[in-house]
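S.K.: In short: position in the sequence shown from 1, add 54, done, that's the numbering used here.
My questions all concern the structure below.
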Amino acid sequence: MLGLLTLRMLDHDLVPGPPSTDPACANPPMNQCAFYADCLESRYQCGPTGYPIGYGQYYCQKFSDNRTLFDPKGQQWMIDTMHCLQLALVGKAIDASPTACQALKDQAFASHAGCYINNGFCTLDVHDWAAVLEIVDIRILFSSWDAFKATIETAMDCGAFYAYMVGRGLF
């Protein structure tokens, strides 16, 4: 009987909460990190090592705290990329159809390379690339399949960008 009660409690714990009605969850403010805790973690309860707190909020805050490592163009890239990463998950915060923590993490990581590239990562100065590596720590990029995959996709997209620029005589 206790086992069944425990199982039911665990099942209940895995059920996401209702979608957020907070306007900040539908349109996260620029240059802020509260979206991960207030809009995702509060709904999905993935825990301290889940994507919302253990990766999204952690790195959003870490980038914010280290913004002085970037030049002005790099700081704008950082702000725009942080916002893009949050916008990619708005549906998970406000949609009536919830998902599981793993699916949330998968969708989040699937947006990383696109957000980096579309906000100008390839055109940043080498100084800013070094700042990204210092903040993220290169060991992290290779310790997780999801992070490694996003890194490879970003590098490949930058390679294609530079090949295009060279081919057009623009670089």
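All residues carry an ideal CB built from backbone N, CA and C; glycine is no exception.
So which of G71, I133, G110 has the shortest CA-CA distance to N85?
M.R.: As a working note, residue 85 is residue 31 in the sequence shown. Closest by alpha carbon: I133.
S.K.: Given a cut-off of 8 Å, decide if D182 and F124 are closer than it, judged by their beta-carbon atoms.
M.R.: Along the sequence shown, one-based indexing puts residue 124 at 70. Along the sequence shown, one-based indexing puts residue 182 at 128. Taking 8 Å as the Cβ cut-off, F124 and D182 qualify as a contacting pair.
S.K.: Just to confirm, are A89 and Q140 a CB contact at a threshold of 8 Å?
M.R.: As a position in the sequence shown, residue 89 is number 35, starting the count at 1. As a position in the sequence shown, residue 140 is number 86, starting the count at 1. With the sequence shown as reference, residue 89 is identified as Phe, and Ala is not the correct amino acid for it. For F89 and Q140, yes; Cβs fall inside 8 Å.
S.K.: Give the range of the alpha helix (DSSP H) segment to which G128 is assigned.
M.R.: Residue 128 sits at position 74 when you count from the first residue of the sequence shown. Segment 126-141, the alpha helix (DSSP H) holding G128.
S.K.: Should G104 be flagged as near chain D, meaning a C-beta pair shorter than 8 Å?
M.R.: No chain D is part of this structure, which consists of one protein chain only.
S.K.: Within a Cβ cutoff of 6 Å, which residues of the same chain sit near N120, ignoring the five residues on either side of it in sequence?
M.R.: Numbered from 1 along the sequence shown, position 66 holds the residue referred to as residue 120. Hits under 6 Å: I189.
S.K.: Would you kindly work out how many angstroms separate the C-alpha atoms of A229 and H166, rounded to a whole number?
M.R.: Here the chain has residues from 55 to 225 only, and residue 229 is not among them.
S.K.: The alpha helix (DSSP H) that contains A110, what's its start and end?
M.R.: Position 56 of the sequence shown, counting from 1, holds the residue named residue 110. According to the sequence as given, residue 110 is Gly; it is not Ala. Looking at the DSSP string, G110 is not in any alpha helix (DSSP H), and its letter there is neither H nor E.
S.K.: Between which two residues does the alpha helix (DSSP H) containing L187 stretch?
M.R.: Translated into the one-based positions of the sequence shown, residue 187 becomes position 133. Counting along the chain, the alpha helix (DSSP H) containing L187 begins and ends at 180-190.
S.K.: What alpha helix (DSSP H) runs, 4 residues minimum, are completely inside the segment 69-98?
M.R.: 77-80
S.K.: Can you tell me the Cα-Cα spacing of G128 and D149, whole angstroms?
M.R.: Position 74 of the sequence shown, counted from the start, is the residue given in the question as residue 128. Position 95 of the sequence shown, counted from the start, is the residue given in the question as residue 149. Their Cα atoms are separated by approximately 32 Å.
S.K.: Under a Cβ-count criterion, where at least 16 other Cβ atoms within 10 Å of its own Cβ denotes burial, should A154 be classed as buried or exposed?
M.R.: As a working note, residue 154 is residue 100 in the sequence shown. Looking at its Cβ environment, which holds fewer than 16 other Cβ atoms inside 10 Å, A154 is exposed.
S.K.: Can you find the residues in the same chain that come closer than 6 Å, C-beta to C-beta, to A142, ignoring five residues on each side of it along the sequence?
M.R.: Within the sequence shown, numbered from 1, the residue matching residue 142 stands at position 88. These residues qualify, in order along the chain: S165.
S.K.: How long is the line joining the alpha carbons of K146 and L187, rounded to whole angstroms?
M.R.: Numbered from 1 along the sequence shown, position 92 holds the residue referred to as residue 146. Numbered from 1 along the sequence shown, position 133 holds the residue referred to as residue 187. Distance between the alpha carbons of K146 and L187 is about 28 Å.
S.K.: Spatial neighbours of T135 within its chain, please: CB distance less than 7 Å, with the 5 preceding and 5 following residues excluded, ordered by chain position.
M.R.: Indexing the sequence shown from 1 puts residue 135 at position 81. Closer than 7 Å at Cβ, skipping near neighbours: C169, Y170, N173.
S.K.: For a test of the three-state rule: what should DSSP assign to G168, helix, strand or coil?
M.R.: In the sequence shown, residue 168 corresponds to position 114, counting from 1. Three-state result, G168: helix.
S.K.: Do V144 and C15 have their beta-carbon atoms positioned less than 8 Å apart in this structure?
M.R.: Because the chain spans 55 through 225 in this model, residue 15 falls outside it and cannot be assessed.
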